[in-house]
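Down below is the structure, laid out as structure tokens.
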Amino acid sequence: MVAALEISGLKVLYGQAIEALDGVSITVPDGGFVALLGANGAGKSTTLKAISGLLRFENGRIAEGTIKYRGEDIAAIPSYQLARRGILHVREGRFVFPTMTVEENLEASLFARGKRGPALARRVYEEVFHYFPALKERAKSQAGYLSGGEQQMLAIGRALFAQPELLMVDEASLGLAPKIAADIFTILDKISNDRKLSILVVEQNVTLALRHAAYGYVLENGRIVSEGESQKLLDRDSLSRRYLGGG
Ligand code: ATP
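Residue numbers (the UniProt record's numbering): 1 to 247.
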């Protein structure tokens, strides 16, 4: 299968001395669903920020390695231009505009792809509401009044509204009830299948992520220490002991 995203030997520094990533290589196949796993501080968010061009806002930089999207090196491209090409990053912490309604939040992200117009907006509304019917019921509510799960759905819905080709989601399940977290992953699964969307998720909930992703990578101290098909990773003893609490 053709790779949508191909990261090779990525080394990232914050400031002069903090080495957050040291030789990370990751591939996301076209239309594939891949999980990046690991404990706090392993370098998962840094990897996503390197891809989406957000590192520069945190005094971070790529010191070595390449990030290719459909064969083109994108490491130097600013994040707003990457968004126009369909590379969307849903950051940890559900960045929604709390005083704007659900509809307004969605609409704001059409600009991310540099497209607008009522016909397009209507079509994308229908699509987002198809995947997240709970958001349709809350369309006129202020985002700040939504539950944690609904806000996460809105954050993902906003990225969908910008019509992504590669969607990256950082810690989708953080702070959510298990049922809601599972629902969100089921929807991501469905979107990936329906639209041939490539998805890269960062997760601390290993079992949940590997139940949905086809392939996983495990990061530890800025290095990939394990990778493989999800089922094999789940079966692997060392991974179970380290991340699943005993199994
Ligand atoms: P978490 O789940 O806690 O977000 P993570 O696996 O996503 O963990 P990163 O946030 O990528 O890890 O952090 C990787 C390393 O880089 C950590 O040692 C962290 O302290 C460091 N780091 C992250 N952001 C910065 C920053 N802006 N400046 C300096 N160091 C940073």
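Even glycine gets a Cβ: it sits at the ideal position worked out from N, Cα and C. Bear in mind that the values here come from a model prediction, so they are computed numbers and not experimental data.
### Task
Report yes or no: do the segment 191–203 and the segment 25–43 share at least 3 C-beta pairs separated by less than 8 Å?
With a cut-off of 8 Å, the segment 25–43 and the segment 191–203 count as touching, because enough Cβ pairs lie within range.
### Query
Looking at Ala35 and the ligand ATP, is the gap between the Cβ and the nearest heavy atom below 7 Å?
Here residue 35 is taken as the residue at index 35 of the sequence shown, counted from 1. Because no heavy atom of the ligand ATP lies under 7 Å away, the Cβ of Ala35 does not count as near it: no.
### Task
Leaving out five residues on either side along the sequence, give the residues of the same chain with a beta carbon under 7 Å from the beta carbon of Tyr125.
Taking the first residue of the sequence shown as 1, we reach residue 125 at position 125. If we look at Tyr125 and ignore the five residues flanking it on each side, its Cβ neighbours are Leu106.
### Sufficient close CB pairs (3 or more, under 8 Å) joining the segment 11–21 to the segment 178–186
Contact check between the segment 11–21 and the segment 178–186: fewer than three CB pairs, one atom from each, fall below 8 Å, which does not count as touching.
### Query
Among the residues of its own chain, which have a CB less than 8 Å from the CB of Pro164, if the five just before and after it don't count?
For the purposes of this step, residue 164 is identified with residue 164 of the sequence shown, where counting begins at 1. Excluding sequence neighbours, Pro164 sits near Gly86, Ile87, Leu88, Leu197.
### Query
Among all the DSSP beta bridges, which residues are the ones paired with Leu54?
The residue you call residue 54 lines up with position 54 of the sequence shown. Under DSSP, Leu54 forms no beta bridge with any residue.
### Query
Identify the residues that DSSP records as bridge partners of Phe33: which are they?
Translated into the one-based positions of the sequence shown, residue 33 becomes position 33. Checking the DSSP bridge columns, you'll see Phe33 partnered with Ile199.
### Task
Could you pull the start and end residues of the beta strand (DSSP E) that Leu233 belongs to?
Translated into positions along the sequence shown, residue 233 becomes position 233. Boundaries around Leu233 are those of the alpha helix (DSSP H), 230–235, since no beta strand (DSSP E) includes it.
### Message
Please report the straight-line C-alpha distance between Leu200 and Ala83, rounded to a whole angstrom.
### Response
Against the sequence shown, residue 200 aligns to sequence position 200. Against the sequence shown, residue 83 aligns to sequence position 83. Computed Cα separation, rounded: 15 Å.
### Task
Count the other CB atoms, across all protein chains shown, that sit within 10 Å of the CB of Asn40; report buried if there are 16 or more and exposed otherwise.
As a working mapping, residue 40 is identified with position 40 in the sequence shown. Burial call: exposed.
### Task
Please name the residue or residues paired with His89 in a DSSP beta bridge.
Start at 1 with the first residue of the sequence shown, and residue 89 comes out as number 89. In the DSSP output, where bridge partners are listed per residue, His89 has Met168.
### Message
Give me the pocket residues for the ligand ATP, defined as CB within less than 5 Å of any heavy atom, sorted by chain position.
### Response
Ordered along the chain, residues surrounding the ligand ATP are Tyr14, Ile18, Ala20, Asn40, Gly41, Ala42, Gly43, Lys44, Ser45, Thr46, Glu58 [Cβ under 5 Å from any heavy atom].
### Message
Can you tell me whether Ser79 is helix, strand or coil according to DSSP?
### Response
Locating residue 79 in the sequence shown gives position 79, where the first residue counts as 1. In the three-state DSSP reduction, Ser79 falls in the helix class (H, G or I).
### Message
Can you check which of these residues, Gly60, Leu54, Glu103, Gln142, is closest to Glu92 by C-alpha distance?
### Response
Within the sequence shown, residue 92 is the residue found at index 92, counting from 1. Answer by Cα proximity: Leu54.
#### Entry: Pair within 8 Å by beta-carbon distance, Ala35 and Leu210
Numbered from 1 along the sequence shown, position 35 holds the residue referred to as residue 35. Numbered from 1 along the sequence shown, position 210 holds the residue referred to as residue 210. Between Ala35 and Leu210, the C-beta gap is smaller than 8 Å, which places the two residues in contact.
### Query
So, helix, strand or coil for Thr27, using DSSP?
The count along the sequence shown starts at 1 and reaches residue 27 at position 27. Reduced to three states, the DSSP call for Thr27 is strand.
#### Entry: Through-space distance from Ala214 to Leu234, alpha-carbon basis
One-based indexing of the sequence shown puts residue 234 at position 234. One-based indexing of the sequence shown puts residue 214 at position 214. Distance between the alpha carbons of Leu234 and Ala214 is about 11 Å.
### Query
Can you tell me the Cα-Cα spacing of Lys136 and Glu104, whole angstroms?
On the sequence shown, residue 136 is found 136 positions in, with the first residue counted as 1. On the sequence shown, residue 104 is found 104 positions in, with the first residue counted as 1. Cα to Cα, Lys136 sits roughly 12 Å from Glu104.
### Query
Roughly how many whole angstroms lie between the Cα atoms of Gln151 and Ala143?
As a first step, residue 151 is located in the sequence shown; it is residue number 151 there, counting from the start. As a first step, residue 143 is located in the sequence shown; it is residue number 143 there, counting from the start. Cα atoms of Gln151 and Ala143: separation of roughly 7 Å, rounded to the nearest angstrom.
### Task
Tell me whether Leu176 sits in a helix, a strand or coil according to DSSP, three-state version.
Locating residue 176 in the sequence shown gives position 176, where the first residue counts as 1. Assignment of Leu176 by DSSP, reduced to helix, strand and coil, places it in the coil class.
### Query
So, Gln204 versus Glu171, is the Cβ gap smaller than 8 Å?
Counting from one through the sequence shown, the residue named residue 204 turns up at place 204. Counting from one through the sequence shown, the residue named residue 171 turns up at place 171. With contacts defined as CB atoms closer than 8 Å, Gln204 and Glu171 qualify as a contacting pair.
### Message
Can you look up Gly216 in the DSSP assignment and give me helix, strand or coil?
### Response
Reading the sequence shown from its first residue, position 216 is the one you call residue 216. Correct three-state label for Gly216: strand.
### Query
Using a Cβ-Cβ cut-off of 7 Å (strictly less than) and excluding sequence neighbours within five positions of Pro98, which residues of its own chain qualify?
As a working note, residue 98 is residue 98 in the sequence shown. Apart from sequence neighbours up to five positions away, the residues of its chain that approach Pro98 with a beta-carbon distance below 7 Å are Gln142, Ala143, Gly144, ordered along the chain.
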